[in-house]
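Participant: One structure follows; several queries about it will come next.
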Ligand SMILES: C[S@@+](CC[C@H](N)C(=O)[O-])C[C@H]1O[C@@H](n2cnc3c(N)ncnc32)[C@H](O)[C@@H]1O
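Residue numbers (this note's numbering): 2 to 273.
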């Protein structure tokens with residue numbers, strides 16, 4: 002079984018703590034509203050795939066209660082935190098089971114599941130079509146799949162800045178996306194998911210898109226964090242350390258705002 006990963010970020014890096022914290026504070030309310038719309042009853046069996054730091058796994062565990070189960074899996078459990086606060090290991094706490102698992106090559110960890118959720122995962126995996134089929138296959142009849150992905154869309158600066166700073170912002174973001182693409186990510190994948198789900202025989206395919214302004218003390222921190230996590234490949238791709246330093250100062254500047262990444266959320270049901 003292949004064990005290498007091309008996933009661009011390192012969950013063990015110091016920056017990963019902040020990365021997950023910014024992602025969760027932006028994305029969790031959006032995901033929670035989709036889960037609310039879809040309904041996660043007590044007693045349901047769920048799979049949270051590529052669980053990261055585990056906030057949605059913990060939310061699902063609360064929703065399903067002691068008669069249900071949530072299996073939270075990730076290639077790297079370093080930041081996955083259980084309701085008791087323990088981090089980084091396989092095990093179970095109440096209805097939450099944590100497993101190290103590579104969704105590209107391993108069989109689903111149990112199932113069939115009533116709900117499967119994967120956020121910002123498949124876009125990173127070149128094997129995304131096969132993985133989507135694996136997830137659809139792990140649903141019980143009537144079960145729901147919720148996939149959420151960032152999408153390539155212009156991250157416009159929303160506050161007055163020098164034209165040179167606007168150019169710098171675009172150049173760094175474009176280079177980040179190029180580096181992610183070189184590692185196998187596809188930022189056009191989110192909008193392909195509805196058709197891919199339909200081809201797999203899923204029904205009730207429903208798509209929503211969310212973007213909002215990010216400010217210097219909130220979401221734009223993700224740009225700074227990512228620029229640190231990916232510093233080496235960004236320099237190799239032609240940016241200079243001076244440009245990265247000026248970019249970090251720009252996104253940290255009080256009052257700075259830019260449009261967030263666009264989140265595409267797609268849900269679908271297995272007939273039956
Ligand atoms: C961008 S993070 C998103 C984390 C979480 N889903 C969230 O939205 O907060 C992607 C996660 O997917 C995990 N991952 C990457 N490749 C994976 C694979 N092949 N199988 C399982 N998890 C993987 C990473 O370790 C990381 O925790």
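Even glycine gets a Cβ: it sits at the ideal position worked out from N, Cα and C.
Under 8 Å by Cβ, that's how I've got residue 176 and residue 257 pegged, so tell me the actual separation to the nearest angstrom.
Facilitator: Not a contact, Cβ separation roughly 19 Å.
Participant: My parser needs the alpha helix (DSSP H) runs of 4 or more residues fully inside the stretch 56-133; what are they?
Facilitator: Taking only runs of at least 4 residues, the alpha helix (DSSP H) segments lying wholly in the stretch 56-133 are 56-65.
Participant: Run the proximity test for residue 134: is its beta-carbon closer than 7 Å to any non-hydrogen atom belonging to ligand 1?
Facilitator: The answer is no for residue 134.
Participant: What alpha helix (DSSP H) runs, 4 residues minimum, are completely inside the stretch 6-51?
Facilitator: Runs of the alpha helix (DSSP H) inside the stretch 6-51: 15-39.
Participant: What is the DSSP secondary structure of residue 184, counted as helix, strand or coil?
Facilitator: If DSSP states are grouped into helix, strand and coil, residue 184 belongs with coil.
Participant: Between residue 94 and the rest of its own chain, which residues show a CB-CB distance below 7 Å, the 5 nearest in sequence each way excluded?
Facilitator: Cβ neighbours of residue 94 beyond the five flanking positions: 83, 84, 85.
Participant: To the nearest angstrom, report how far apart residue 61 and residue 128 are at their CA atoms.
Facilitator: Computed Cα separation, rounded: 26 Å.
Participant: Would you report the Cα separation of residue 266 and residue 123, rounded to the nearest angstrom?
Facilitator: Taking the straight line from one Cα to the other gives about 12 Å.
Participant: Should residue 37 be labelled buried (16 or more other beta-carbon atoms within 10 Å of its own) or exposed?
Facilitator: Looking at its Cβ environment, which holds fewer than 16 other Cβ atoms inside 10 Å, residue 37 is exposed.
Participant: So what's residue 247 in DSSP terms, helix, strand or just coil?
Facilitator: Of the three classes helix, strand and coil, the one that applies to residue 247 here is helix, per DSSP.
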